[in-house]
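Participant:
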Amino acid sequence: MSNLNLQCLLGIQCNDFVMIAADQSNAHSIMLMKDDEEKIYKISEKLVMGVNGDSGDTNQFAEYIAKNIQLYKMRNDATEEEAYEILKKCVTEVHKRLFVSLPNFQVTVVNRDGIKAMP
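Going by the numbering used here, the sequence shown opens with residue 1, and the numbers climb by one from there.
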């Protein structure tokens, strides 16, 4: 018997803005525990993050990301290699902190030369 917990995030990117929507349900099994769950977190002045998953884990993860963004603002002159190492550490934290198994991540770099996939 599987524990079915459906959640939804939607996003639209346009020329001058991005719009995201998140359902506000917090369900456990067939019980709706809350219908006003906040799933869109303000990370910085021009950055938001939508999250799905267990509310405790997602809240802690969003706070972790917000603090790392603030740290990034203090030292944002990293090379591509350094940024890749930081991103790998973030993925390691995702694996440790989130209840959901997310085994694979795709990393893509966009710079003035174009788009490239990282290993």
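We put the CB at the ideal spot given by N, CA and C, even for glycine.
Could you check where the alpha helix (DSSP H) with glutamine 106 kicks off and where it finishes?
Facilitator: For this step, residue 106 is matched to residue 106 along the sequence shown. Where glutamine 106 is concerned, there is no enclosing alpha helix (DSSP H), given that its DSSP letter is neither H nor E.
Participant: Count the CB pairs spanning the stretch 40 to 50 and the stretch 59 to 74 that are closer than 8 angstroms, and state whether there are at least three.
Facilitator: yes
Participant: Rounding to the nearest angstrom, what Cα-Cα distance links glycine 11 and isoleucine 20 in this structure?
Facilitator: Looking up residue 11 in the sequence shown gives position 11. Looking up residue 20 in the sequence shown gives position 20. If I take the Cα positions, the gap works out to 4 angstroms.
Participant: Can you check the stretch 64 to 97 for any alpha helix (DSSP H) of at least 4 residues that lies completely inside it and give the ranges in chain order?
Facilitator: 80 to 97
Participant: Pick from Asp36, Gln24 and Gln106: whose alpha carbon is nearest that of leucine 9?
Facilitator: The sequence position of residue 9 within the sequence shown is 9, counting from 1. Cα-wise, what sits closest to leucine 9 is Gln24.
Participant: Below 7 angstroms, is the gap between the Cβ of leucine 32 and the nearest heavy atom of the ligand ADP?
Facilitator: No copy of the ligand ADP appears in this structure; indeed no ligand is present at all.
Participant: Let me know the secondary structure DSSP gives glutamine 60 once reduced to three states.
Facilitator: One-based indexing of the sequence shown puts residue 60 at position 60. Helix, per DSSP.
Participant: Within 10 angstroms of the Cβ of arginine 112, are there 16 or more other Cβ atoms? Answer buried if so, exposed if not.
Facilitator: Position 112 of the sequence shown holds residue 112. So arginine 112 counts as exposed.
Participant: Since glutamine 7 and asparagine 52 should fall inside the 8 angstroms C-beta cutoff, what is the C-beta to C-beta distance between them, to a whole number of angstroms?
Facilitator: Looking up residue 7 in the sequence shown gives position 7. Looking up residue 52 in the sequence shown gives position 52. Contact holds; Cβ gap of about 4 angstroms.
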